[in-house]
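Count along the sequence shown from 1, then add 452; that gives the number in our numbering. Report on one structure; see the data block that follows.
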Amino acid sequence: MALIDEVIYFSVILAILVSTIVGLIAGRGKVKDVKDWVIAGGTFGAVLLWFLMGTEIYTDFTYLGLAGFTYTYGAPVAYNFLTNGLAYMFGFMLLPLIWIFSKKFNVITEADYFEKRYGSKYLGVIVALVGVLALAGYLDLNITAIGIILTSGTGHVTSTQIIEAKIIGFLLVTVFIYVSGIRGSAWNAVIKDILMFSTIFIIFITFPFIFFHGYGNFFHEVTVKIPQYLILPGAKHN
């Protein structure tokens, strides 16, 4: 096994172990009922909630997918900034109202909200079913990403190893979520966000200086060699 493969292998193992342990410890002895399991009894402070929301909003899509999209097409990536702006605009208008209603009527899930807000139990059931189906697809996407990460990181992972990694990852996450509820996700979000923002910061600072001796030369090279990446409709990476 090459040195780089060993580093990747042990880094992944360490990250998995730390995440699992933190997830299990986070809710040990604290989960008393469904409300506590789903929303931690409404006890999250602003900092922990910020990390939890951050890791959901700025997920692997932003960290890897959006970077890959930029590398492939260039300027069209601006769509993401526009959609985020619209999402925040509607969020700041609607979410405080939803929060006030939910606190007043002891709402826990989205299904609870629609049931109590519109007085229809059937609507609540429909929302719950749609949510389960949507999360099933999202879960499958994340499990698939495990295989992609392993393949990209090492370059020579067998199909059997990928399947084993997916099963192990799924079981570990299932166990600590079952035990700790949202607390396990929240504290894992802290770890994930710190790692994500740290690596982004390091790359942002070091990459232009290592390869281009500064930001000015970096943008000059982009302008001269691949100007099509800076204008719409962008370009297809060859």
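Note that the Cβ used here is the ideal one computed from N, Cα and C, for glycine as well.
Coarse secondary structure for residue i, derived from DSSP in three states
i    : result
P685 : coil
T511 : coil
S572 : coil
F557 : coil
K487 : helix
F656 : helix
R635 : helix
I477 : helix
T524 : helix
F666 : The sequence given here has Gly at residue 666, not Phe. Here G666 sits in coil by DSSP.
Minimum C-alpha distance to residue i - residue among the options
i    : options                   : result
L504 : A641, K556, Y590 and F553 : A641
K487 : K555, I662, V459 and A467 : K555
I646 : T511, F659, Y525 and F622 : T511
A588 : Y574, F622 and T535       : F622
L624 : S463, Y461, E458 and I473 : I473
Contacts around residue i, its chain only, beta-carbon distance under 7 Å, and the 5 residues preceding and following it disregarded
i    : result
G576 : A563, D564, F566 and E567
K471 : Lys is not the amino acid found at residue 471; the sequence shown has Ser there. Around S471: N640 and I643.
T507 : A641, K644 and D645
K618 : I595, I598 and G599
V499 : none
Residue i CB to nearest heavy atom of the ligand HEM below 8 Å
i    : result
F462 : The ligand HEM is absent from the structure shown, which contains no ligand whatsoever.
Contacting residues, own chain, Cβ-Cβ under 6 Å from residue i (five flanking each side not counted)
i    : result
L684 : A527
G686 : Y525, G526, A527 and P528
L591 : none
A580 : A563
Per the contact definition of three or more C-beta pairs closer than 8 Å, is the segment 618-636 in contact with the segment 479-495? Taking 8 Å as the limit for Cβ pairs, the verdict is that the segment 618-636 does touch the segment 479-495.
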